[in-house]
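First residue of the sequence shown? That's 1 in the UniProt record's numbering, and the numbers climb one at a time after it. Note that CB positions come from ideal geometry on N, CA and C, so glycine has one too. Structure first, commentary second.
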Amino acid sequence: MTTNDNDHDYDVGYGKPPKHSQFQKGQSGNPNGRPKGSKNISTILRERLFSKVTIVENGRRKQITMVEALFRTLLKSGLEGDVRALDRLIKLLPLAEADTLAADEVTDASEIDATDEAILRHFIKMRGSELLDTSGQDKVDEEGGDK
């Protein structure tokens, strides 16, 4: 099955569109690209969830993020006895605990004890020159190591 008499060497069919309608080499199928102002779903969701909303608490107006407002609503429903809200809160609890544990990790160098410091000094003494050498990969290659 051929499309015209001039092009006898190319069959047109399923998965084989006519040559004239195929993409030309070096030409983009989307020459203008994505419009500059367009946003993906995660960007839109992040913007909406962290946008500020005004609530009234104890007779005073207060601005909080949408996420905080949603959590407050979920907590209120749970306190009123909504079992599904309680279930959701229990499922979210490990996330809060993970954030707390991450904040409690040692990040201050002053908390390193004498034993840790001795280990670090020994390591630097033994391997310090290798850490500072920028051509370390070349030495491994010369010694017959894998690249």
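Residues near residue i by beta carbon distance below 7 Å, same chain, minus five either side
i            : result
arginine 88  : Leu74
aspartate 82 : none
lysine 36    : none
glycine 78   : Ala85, Leu86, Leu89
Per-residue burial, residue i [other beta carbons within 10 Å of its own, 16 or more giving buried]
i             : result
aspartate 141 : Low confidence applies to aspartate 141: its pLDDT is 48, below 50, so where it sits in the model is not reliable, and the reading given next is rough at best. Aspartate 141 should be labelled exposed.
CA nearest to the CA of residue i, picked from the options
i             : options              : result
methionine 66 : Leu86, Thr100, Phe50 : Phe50
valine 53     : Ala85, Ser38, Arg72  : Arg72
8 Å Cβ shell around residue i - same chain, five flanking residues per side excluded
i           : result
residue 203 : In this structure the chain extends from 1 to 147, so residue 203 is not present and cannot be described.
Residues of its chain near residue i, where Cβ-Cβ distance is below 6 Å and the 5 sequence neighbours each way are ignored
i           : result
residue 148 : There is no way to answer for residue 148, as the model of the chain reaches only from 1 to 147.
| field | Inter-stretch contact (C-beta, 8 Å, three-pair minimum) for the segment 57-77 and the segment 39-47 | value | no
| query | Of all the beta strand (DSSP E) runs that stay within the bounds of the UniProt domain "DUF5681" (19-94), which reach a length of 3 or more residues? | reply | 52-57, 60-65
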